[in-house]
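So the sequence shown is numbered by the UniProt record's numbering: it starts at 1 and just counts up by one. To keep things clear, I will list the structure first and then write my remarks on it.
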Amino acid sequence: MYILGIESSCDDTCAAVVKDGRELLSNCVASSAAEQNLYGGVVPEIASRRHIEHISQVARAALDEAGTALDEIGGVAVTFAPGLIGAVLVGLNFAKGLALSAQKPLIPVHHLRGHIAALYLTHPELEPPFLCLVASGGHSHIVRVQDYTHFEVLGRTVDDAAGEAFDKVARTLGLGYPGGPAVSRAAQTGDSKAYPLPTPHVEGPYNVSFSGLKTAVLNLVNKAQMKGERVNVADMAASFQFRITDILAEKLLLAAQDTGAKQICIAGGVAANGLLRETLAAGAKKLGARLYLPELQLCGDNAAMVAAQGFYEYRAGNTAGLNLNGLATLGIDYL
Ligand code: ATP
Ligand code: FE
Numbered sequence: 001m002y003i004l005g006i007e008s009s010c011d012d013t014c015a016a017v018v019k020d021g022r023e024l025l026s027n028c029v030a031s032s033a034a035e036q037n038l039y040g041g042v043v044p045e046i047a048s049r050r051h052i053e054h055i056s057q058v059a060r061a062a063l064d065e066a067g068t069a070l071d072e073i074g075g076v077a078v079t080f081a082p083g084l085i086g087a088v089l090v091g092l093n094f095a096k097g098l099a100l101s102a103q104k105p106l107i108p109v110h111h112l113r114g115h116i117a118a119l120y121l122t123h124p125e126l127e128p129p130f131l132c133l134v135a136s137g138g139h140s141h142i143v144r145v146q147d148y149t150h151f152e153v154l155g156r157t158v159d160d161a162a163g164e165a166f167d168k169v170a171r172t173l174g175l176g177y178p179g180g181p182a183v184s185r186a187a188q189t190g191d192s193k194a195y196p197l198p199t200p201h202v203e204g205p206y207n208v209s210f211s212g213l214k215t216a217v218l219n220l221v222n223k224a225q226m227k228g229e230r231v232n233v234a235d236m237a238a239s240f241q242f243r244i245t246d247i248l249a250e251k252l253l254l255a256a257q258d259t260g261a262k263q264i265c266i267a268g269g270v271a272a273n274g275l276l277r278e279t280l281a282a283g284a285k286k287l288g289a290r291l292y293l294p295e296l297q298l299c300g301d302n303a304a305m306v307a308a309q310g311f312y313e314y315r316a317g318n319t320a321g322l323n324l325n326g327l328a329t330l331g332i333d334y335l
């Protein structure tokens, strides 16, 4: 079954066609990230306006590249939550119009479930149950994926998301947006032991907190400035990257150990981080667990992941009527 996926929850306008939840046939995107970079982060109204302009062409391109006609599609899957609400609504309304005119089922997809489904496209053999760290711009969850449509959140951030911390530290260091890749690049020539940064204390065995870590970087930058000095950007980037990836890896591996999980996964934009991937590879080996990493191009927002998850939502009977609304926030375990 071919599913057309639509994703517009942040600054990327995305459409893709996926066969049977596993085979990627096309994956198209028009990004407003370069324009957003001028403002140091995502301006919601700009994101919505760019989605409106681009969505028809991106969807057309996805169908053309896949060589699929609209009437061959089994359903239209769309991110309906969570995300910037004005941005979400553009994709959602487009998907509704398409589903209505082509008389196809409308399949609502939770954005974080989509991030996890990127793993199915990379690893055809991966099946739930597994343990997954979802670390992105707005979320940091440790989730037990019980089956394709049932999720249990074991831990989460109590303040900033991991990607958000990368973005804020990048801004503090003058590295631009999006911050994750920029910090990572700067860290390549830095010494990760140069600035010993704190591991914030947090209640709950699998919860994380990154607000204090971000503030520690800001304080060191300000302190140096007051003395008429500057921090070494490469060293600070490396020190921050080391600390945050160490915390994420430690929590995920602890959860794996406690739950006896033999399949460990990561998903979301931060899953592209090289040091996180390396640290987890070593940790999983020690635990005797298998680590599954999403393909780099599928870590950040894309519609292939939405189409993949859409296939499993459809199979579970989770379709929606044309009164489906978008939501800015919604737990991954909503259903
Ligand atoms: P959410 O998925 O929570 O709604 P989002 O869709 O904005 O948020 P994603 O697109 O999944 O987030 O991920 C983007 C985030 O990932 C950004 O915060 C970005 O800085 C971060 N990121 C991207 N690449 C890397 C990297 N190599 N290292 C660390 N962080 C990264
Ligand atoms: Fe995302």
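Ideal Cβ positions, reconstructed from N, Cα and C, are used throughout, including at glycine.
Local conformation of Lys-19 per DSSP, three classes: On the sequence shown, position 19 is the one that residue 19 refers to. DSSP places Lys-19 in strand when its eight states are reduced to three.
Contact test: Val-217 Cβ vs the ligand ATP heavy atom, cutoff 8 Å: Mapped onto the sequence shown, residue 217 falls at position 217. Val-217 Cβ: outside cutoff for every heavy atom of the ligand ATP.
Ser-101: CB within 8 Å of a non-hydrogen atom of the ligand ZN: With respect to the ligand ZN, the structure shown offers nothing to examine, as its ligands consist of the ligand ATP and the ligand FE.
N-terminal and C-terminal residue of the beta strand (DSSP E) that Gln-297 is part of: As a working note, residue 297 is residue 297 in the sequence shown. Element bounds for Gln-297: n/a, residue is neither H nor E.
beta-carbon Pro-178 near the ligand ATP non-hydrogen atom, thresh 8 Å: Start at 1 with the first residue of the sequence shown, and residue 178 comes out as number 178. Yes, the ligand ATP has a heavy atom inside 8 Å of this Cβ.
Close-in-space but distant-in-sequence residues of the same chain around Gly-179 (CB under 6 Å, 5 per side omitted): The residue given as residue 179 occupies position 179 in the sequence shown. Taken in chain order, the residues that qualify are Phe-166, Asp-167, Ala-170.
Extent of the continuous alpha helix (DSSP H) to which His-51 belongs: Here residue 51 corresponds to residue number 51 of the sequence shown, with the count starting at 1. Looking at the DSSP string, the run of the alpha helix (DSSP H) that includes His-51 is 44-66.
CB of Ala-135 within 9 Å of CB of Ala-267, strictly: Within the sequence shown, the letter at position 135 stands for residue 135. Within the sequence shown, the letter at position 267 stands for residue 267. Yes. Within cutoff.
His-111 (DSSP reduced to helix, strand or coil): Within the sequence shown, residue 111 is the residue found at index 111, counting from 1. If DSSP states are grouped into helix, strand and coil, His-111 belongs with the helices.
Secondary structure of Arg-230, DSSP reduced to three states: As a first step, residue 230 is located in the sequence shown; it is residue number 230 there, counting from the start. Three-state result, Arg-230: coil.
Any non-hydrogen atom of the ligand ATP within 8 Å of Phe-166 CB: The residue labelled residue 166 in the question sits at position 166 within the sequence shown. Under cutoff, so the answer is yes.
Buried/exposed call for Glu-164, threshold 16 Cβ in 10 Å: Stepping through the sequence shown from its first residue, residue 164 is reached at position 164. Buried is the call here.
CB contact flag (Val-109, Gly-269, <9 Å): Here residue 109 refers to the residue found at position 109 of the sequence shown. Here residue 269 refers to the residue found at position 269 of the sequence shown. No.
Among Gln-297, Arg-144, Pro-181, the one whose alpha carbon lies nearest that of Gln-263: The residue labelled residue 263 in the question sits at position 263 within the sequence shown. Among Gln-297, Arg-144, Pro-181, the Cα nearest to that of Gln-263 is on Arg-144.
Glu-7 burial status per 10 Å Cβ neighbour count (16 or more: buried): As a first step, residue 7 must be located in the sequence shown, where it is residue number 7. It counts as buried.
For Tyr-2, the residue or residues it bridges with in DSSP: Counting from one through the sequence shown, the residue named residue 2 turns up at place 2. According to DSSP, Tyr-2 bridges with Lys-19, Ile-73.
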